[in-house]
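**Student:** Each protein sequence line maps, in turn, to chains A and B.
Numbering-wise (full-length UniProt numbering), the first sequence opens with residue 1 and increments by one.
Numbering-wise (full-length UniProt numbering), the second sequence opens with residue 1 and increments by one.
C-beta atoms are modelled at their ideal positions from N, C-alpha and C, and glycine is treated no differently.
Because the structure is a prediction, the values reported are computed rather than measured.
The following block contains the structure, expressed as structure tokens.
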Amino acid sequence: MFSKRNFSLVLILTLVLSLSLSVAALAQDDQVTLRFSWWGSQSRHEKTLRVIEMFEEKYPNIKIQPEYTGWSGYWDKMNAQAAGDNLPDIIQHVRKFMSGYVQNEQLLDLSPYIEDGSIDTTNIDSSYLEMGKIYGKQMGLATGVNAPAGYYDKELFDAAGIDYPSADDTWQDRAEMFKKIHEELGILGASSPTAQQDGTGFFVWLRQHGASFYNEDGTALGYDDDQLFVDFMKYDLDLIKSGAVQNAMQRQESARAVEEDLVTNGKAATATNYWSNQLAAISTGAGKLLHPFLYPKAADQTQEGRFMKPAMLLTVSKNTEHPAEVMKFLNFWFNDVEAGKVIGTDRGVPTNTKVVSALKENANQYDKVVFDFVDQASKNSGTALPPQPPKDQEVIAAYEEAYWQVIYEMISPEEGAKQFREAANKILAD
Amino acid sequence: MNNKFEALDTVRSLDKGMDRKKWLKKNLVGYAFILPWLIGFLAFIAYPLLSSLYYSLTEYNIVGDPSWVGLKNYINIFTDDSKFWLSLKVTFYYVIFAVPLRLISALGLALLFRKARPFTNFYRAAYYVPSILGGSVAISVVWRQLFSSQGAFNDLLVALGIMQNRISWIGHPNYAIWTLIILAAWQFGSPMIIFLAGLKQIPKGLYEAAEIDGAGKIQQFFKVTLPLLTPVLFFNLIMQMVKMFMVFTQAYVITQGGPLNRTLMYAVYLFREGISFGHLGYGSALAWIILVLLTIVTVIIFKTSNKWVYYQSEGE
Numbered sequence: 001m002f003s004k005r006n007f008s009l010v011l012i013l014t015l016v017l018s019l020s021l022s023v024a025a026l027a028q029d030d031q032v033t034l035r036f037s038w039w040g041s042q043s044r045h046e047k048t049l050r051v052i053e054m055f056e057e058k059y060p061n062i063k064i065q066p067e068y069t070g071w072s073g074y075w076d077k078m079n080a081q082a083a084g085d086n087l088p089d090i091i092q093h094v095r096k097f098m099s100g101y102v103q104n105e106q107l108l109d110l111s112p113y114i115e116d117g118s119i120d121t122t123n124i125d126s127s128y129l130e131m132g133k134i135y136g137k138q139m140g141l142a143t144g145v146n147a148p149a150g151y152y153d154k155e156l157f158d159a160a161g162i163d164y165p166s167a168d169d170t171w172q173d174r175a176e177m178f179k180k181i182h183e184e185l186g187i188l189g190a191s192s193p194t195a196q197q198d199g200t201g202f203f204v205w206l207r208q209h210g211a212s213f214y215n216e217d218g219t220a221l222g223y224d225d226d227q228l229f230v231d232f233m234k235y236d237l238d239l240i241k242s243g244a245v246q247n248a249m250q251r252q253e254s255a256r257a258v259e260e261d262l263v264t265n266g267k268a269a270t271a272t273n274y275w276s277n278q279l280a281a282i283s284t285g286a287g288k289l290l291h292p293f294l295y296p297k298a299a300d301q302t303q304e305g306r307f308m309k310p311a312m313l314l315t316v317s318k319n320t321e322h323p324a325e326v327m328k329f330l331n332f333w334f335n336d337v338e339a340g341k342v343i344g345t346d347r348g349v350p351t352n353t354k355v356v357s358a359l360k361e362n363a364n365q366y367d368k369v370v371f372d373f374v375d376q377a378s379k380n381s382g383t384a385l386p387p388q389p390p391k392d393q394e395v396i397a398a399y400e401e402a403y404w405q406v407i408y409e410m411i412s413p414e415e416g417a418k419q420f421r422e423a424a425n426k427i428l429a430d
Numbered sequence: 001m002n003n004k005f006e007a008l009d010t011v012r013s014l015d016k017g018m019d020r021k022k023w024l025k026k027n028l029v030g031y032a033f034i035l036p037w038l039i040g041f042l043a044f045i046a047y048p049l050l051s052s053l054y055y056s057l058t059e060y061n062i063v064g065d066p067s068w069v070g071l072k073n074y075i076n077i078f079t080d081d082s083k084f085w086l087s088l089k090v091t092f093y094y095v096i097f098a099v100p101l102r103l104i105s106a107l108g109l110a111l112l113f114r115k116a117r118p119f120t121n122f123y124r125a126a127y128y129v130p131s132i133l134g135g136s137v138a139i140s141v142v143w144r145q146l147f148s149s150q151g152a153f154n155d156l157l158v159a160l161g162i163m164q165n166r167i168s169w170i171g172h173p174n175y176a177i178w179t180l181i182i183l184a185a186w187q188f189g190s191p192m193i194i195f196l197a198g199l200k201q202i203p204k205g206l207y208e209a210a211e212i213d214g215a216g217k218i219q220q221f222f223k224v225t226l227p228l229l230t231p232v233l234f235f236n237l238i239m240q241m242v243k244m245f246m247v248f249t250q251a252y253v254i255t256q257g258g259p260l261n262r263t264l265m266y267a268v269y270l271f272r273e274g275i276s277f278g279h280l281g282y283g284s285a286l287a288w289i290i291l292v293l294l295t296i297v298t299v300i301i302f303k304t305s306n307k308w309v310y311y312q313s314e315g316e
């Protein structure tokens, strides 16, 4: 088929093509592309993309390739990419998952870059830097701080003639509040009395009773008395029976997007399972401002159990090929006031004092509320949570399993407590 | 003619183990042609398959390095993992109901579309659509909505007076799996097309003969259509069964394995262990177990096939 002439023609063509390709590659050599992954809602995506645009304008030779999803599925994706040594350069992280990534040496220690000034931290308080430290090393930088938050619909409380939630409410006060709303308006007081499934409510409850979810070094559960679990579950079961909160089946099918929470369409007067940085998202869903409130106190509490945490952190993959450019981005992210204005409080109340004061000046209606709420939370918070053990996800899954079985009333709270303890000990002992 | 002799030549020279070089030269072109496929096979099938076998014998935390543990994963799965047995039970339950339901609806519709009527082609295409959509996330989200307590399915039942109170079908421990089974039955498109092709192969003369012998429509179906369709049925059965054992998207999106793990399909459990919890070694072992299990089930069905599958060419 091929004559000799044809063959040499093809050969020459191939050579020319591959040469021109490599020339093109050479020409683009000083163009660096960084991958940046985050999870979030639509409003976060839009804000982040705008900040990326601003950054690319300032540094035309650096391109940021955004990779974003919702929360569900994000960690599956990250874990799979970690397995393939293909993590993005910049990874939005949460403190509770960082220890596993650090132990497996997936993340870059940022301390040298802070020391040599690549990242300027003069305007970031050391207590906030502390939130990014894992085992004493600066493995990430907190984008902002958050407090667990519920949200309530003022109009519904007015209509029912009930006092708004306050920071001094006890668990019993809240239960009565939910029941009264249900009696007065025929709607739910809340979908569930606390953030149950992910354990946040239980963490607070345990701390208020002088215990904790994990022990200090994360090798076992941090409480010995199963009665704590039992009481916590009975509290929920009692509310389910009264009809003031969703029953198990309704919870199973309830929407997972914050914008679609029952509180946004008047089917519930409160939502209990969110964080302070979700105010804009949930209010957008409702089409009006929903007000944040703190977790309740325990009537007999031995210590302040409520807490704050870094909303999320930006971390850097150890495999990044362009650490210098990554640090430019982080420096821009944490110090550029204009960028900070765009990001607002969506990733928690920022840690940079200059950014915060600029934000306060031009704060919109939502952000003002968030600033005040975080301020209130910081006055009502105990010590920070220690870093969770790498097996945290499995322990939480075991907790959720016991939780579901109890609220479906397949087992008693006592059996649930025992089952969870056994499962957790087995996971943590491995 | 010439080619035939050449081929014979090749065989002969092979038989004698002679002239390997010549043989290789002759076949090199052939290998060159299948090279792209071969590379794809080695890179995307053989290599992942073998590495998962290796990983299944290691303890491999997804973000660390694998360390050899021998058969420990397999022993743990069989002796110390109630979720494994639970997910097997759930998956078998699903397959046992979903496969026949899908095949019956596929066959029923294929019979309906067999004769050319006005718009038959349009309906054939329209009824194929669920198959294209069915595996997607979007349709799973729709399904979630449809069977929720505020969903259209409840509207229908209440309007018809079958039920007084709405219930959450996807939240109910006993019914949740049935929402998945119904979804599976609804995706009958591809077996339907294959049944249609099979039906066209049945000679019209047989029906005429049956009619002359006085067989009614129902008798014709059981005595002529069904026996002659058994090879196609056999094919569809195997294909659909394998597909359903691997069901993932629907169960993952609609119920996440809940409520109370009543819809914890094997693939969902594997994903949870392997990816969500990061136990890649354990997950690989789970994958190999289902592979072996599927092979066994398939072999059993193959063995029984000569009892019920009727090939027309037999005895010719």
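Just the C-alpha distance for residue 287 of chain B and residue 425 of chain A, rounded to the nearest angstrom, thanks.
**Tutor:** Answer to the nearest angstrom: the Cα atoms are 27 Å apart.
**Student:** Going along chain B, which residues have a C-beta under 9 Å from residue 76 of chain A?
**Tutor:** Those are 271, 275 and 276, listed as they occur along chain B.
**Student:** What residues of chain B sit near residue 394 of chain A, judged by a beta carbon separation below 8 Å?
**Tutor:** Within chain B, the residues near residue 394 of chain A are 277.
**Student:** Going by CA-CA distance only, name the one from A:332, A:135, A:374 and A:229 that's closest to residue 310 of chain A.
**Tutor:** Comparing Cα-Cα distances from residue 310 of chain A to each of A:332, A:135, A:374 and A:229, the minimum goes to A:374.
**Student:** Quick check on the burial criterion: 16 or more other C-beta atoms within 10 angstroms. Buried or exposed for residue 163 of chain B?
**Tutor:** By the neighbour-count rule (16 or more Cβ atoms within 10 Å), residue 163 of chain B is not buried but exposed.
**Student:** Measuring straight from C-alpha to C-alpha, what distance separates residue 204 of chain B and residue 34 of chain B?
**Tutor:** Those two C-alpha atoms are separated by around 41 Å.
**Student:** Residue 114 of chain B to residue 178 of chain B, Cα distance in whole Å?
**Tutor:** Those two C-alpha atoms are separated by around 30 Å.
**Student:** With DSSP as the reference, identify every bridge partner of residue 67 of chain B, one or two as the case may be.
**Tutor:** Paired residues: B:59.
**Student:** Of all the options A:137, A:403 and A:277, which has the alpha carbon lying nearest to the alpha carbon of residue 148 of chain A?
**Tutor:** Checking every option, the nearest Cα to that of residue 148 of chain A belongs to A:277.
**Student:** Taking the beta strand (DSSP E) that residue 68 of chain A falls in, what are its first and last residues?
**Tutor:** Segment 62-69, the beta strand (DSSP E) holding residue 68 of chain A.
**Student:** Just reading off the beta strand (DSSP E) that residue 93 of chain A is part of, what are its end residues?
**Tutor:** Segment 90-93, the beta strand (DSSP E) holding residue 93 of chain A.
**Student:** Assuming the contact rule is C-beta atoms closer than 8 Å, residue 102 of chain B and residue 185 of chain B should be a hit. Round their C-beta distance to whole Å, please.
**Tutor:** Confirmed, Cβ separation roughly 5 Å.
**Student:** For residue 293 of chain A, report the span of its alpha helix (DSSP H) as first-last.
**Tutor:** No alpha helix (DSSP H) holds residue 293 of chain A; the beta strand (DSSP E) holding it covers 291-293.
**Student:** What's the C-alpha gap between residue 315 of chain B and residue 227 of chain B?
**Tutor:** In this prediction, residue 315 of chain B has a pLDDT of 44, which is less than 50 and means its spatial position is unreliable; nothing more can be read from the coordinates.
**Student:** Would you mind working out which of B:175, B:120 and B:58 sits nearest residue 261 of chain B, comparing C-alpha positions?
**Tutor:** Residue B:175 is the option with its Cα nearest to residue 261 of chain B.
**Student:** Looking at residue 188 of chain A and residue 267 of chain A, is the spacing between their C-beta atoms short of 9 Å?
**Tutor:** Yes. Within cutoff.
**Student:** Please list the terminal residues of the continuous alpha helix (DSSP H) segment that includes residue 36 of chain B.
**Tutor:** Element bounds for residue 36 of chain B: 20-41.
**Student:** Ends of the beta strand (DSSP E) at residue 337 of chain A?
**Tutor:** Premise fails: residue 337 of chain A lies in the alpha helix (DSSP H), 337-343, not in any beta strand (DSSP E).
**Student:** DSSP on residue 169 of chain B, reduced to helix/strand/coil?
**Tutor:** Residue 169 of chain B falls in the coil class under three-state DSSP.
**Student:** Does the distance from the C-beta atom of residue 298 of chain B to that of residue 254 of chain B stay below 9 Å?
**Tutor:** The answer is no: Cβ separation not under 9 Å.
**Student:** For the ligand GTP, any of its heavy atoms closer than 8 Å to the Cβ of residue 335 of chain A?
**Tutor:** With respect to the ligand GTP, the structure shown offers nothing to examine, as it has no ligands at all.
**Student:** Taking 9 Å as the threshold (beta carbon to beta carbon), is residue 173 of chain B in contact with chain A?
**Tutor:** Yes, residue 173 of chain B counts as interfacial toward chain A.
**Student:** Determine the burial state of residue 333 of chain A: buried for a count of at least 16 other Cβ atoms within 10 Å of its Cβ, exposed for fewer.
**Tutor:** Result: buried.
**Student:** I'd like the ranges of any alpha helix (DSSP H) spanning at least 4 consecutive residues and lying wholly in the segment 193-232 of chain B.
**Tutor:** For the segment 193-232 of chain B, whole alpha helix (DSSP H) runs of length 4 or above, ordered along the chain, are 204-212 and 217-220.
**Student:** Please state whether the Cβ-Cβ distance between residue 247 of chain B and residue 94 of chain B is less than 9 Å.
**Tutor:** Cβ atoms of residue 247 of chain B and residue 94 of chain B: closer than 9 Å.
**Student:** Buried or exposed: which applies to residue 115 of chain A, given that a residue is buried once 16 or more other Cβ atoms fall within 10 Å of its Cβ?
**Tutor:** Looking at its Cβ environment, which holds fewer than 16 other Cβ atoms inside 10 Å, residue 115 of chain A is exposed.
**Student:** Pick helix, strand or coil for residue 309 of chain B, following the three-state DSSP scheme.
**Tutor:** Coil, per DSSP.
**Student:** Do you know how far the Cα of residue 82 of chain B is from the Cα of residue 92 of chain B?
**Tutor:** C-alpha separation (whole angstroms): 16 Å.
**Student:** State the Cα-Cα distance for the pair residue 277 of chain B and residue 97 of chain A, rounded to the nearest angstrom.
**Tutor:** About 11 Å.
**Student:** Does any residue of chain A have a CB that is nearer than 9 Å to the CB of residue 280 of chain B?
**Tutor:** Yes - at least one Cβ of chain A is within 9 Å of the one on residue 280 of chain B.
**Student:** Would you check if the segment 366-380 of chain A and the segment 81-90 of chain A touch, i.e. whether three or more CB-CB distances between them fall below 8 Å?
**Tutor:** The answer is no - the segment 366-380 of chain A does not touch the segment 81-90 of chain A, with fewer than three Cβ pairs under 8 Å.
**Student:** Any idea which residues DSSP pairs residue 305 of chain A with across the strands?
**Tutor:** BP columns for residue 305 of chain A are empty, so no partner.
**Student:** Taking the CB atoms as reference points, tell me whether residue 119 of chain A and residue 330 of chain A lie closer together than 9 Å.
**Tutor:** Closer than 9 Å, so yes.
**Student:** Can you give me, in chain order, the residues of the segment 245-271 of chain B that have a beta carbon less than 7 Å from any beta carbon in chain A?
**Tutor:** Correct list: 258, 259 and 260.
**Student:** Mind listing which residues of the segment 158-171 of chain B have their C-beta closer than 9 Å to chain A's C-betas, in chain order?
**Tutor:** Per Cβ criterion, the list reads 167, 168, 169, 170 and 171.
**Student:** How would you list, in chain order, the residues of chain A whose beta-carbon sits under 7 Å from the beta-carbon of residue 61 of chain B?
**Tutor:** Chain A residues near residue 61 of chain B: 104.
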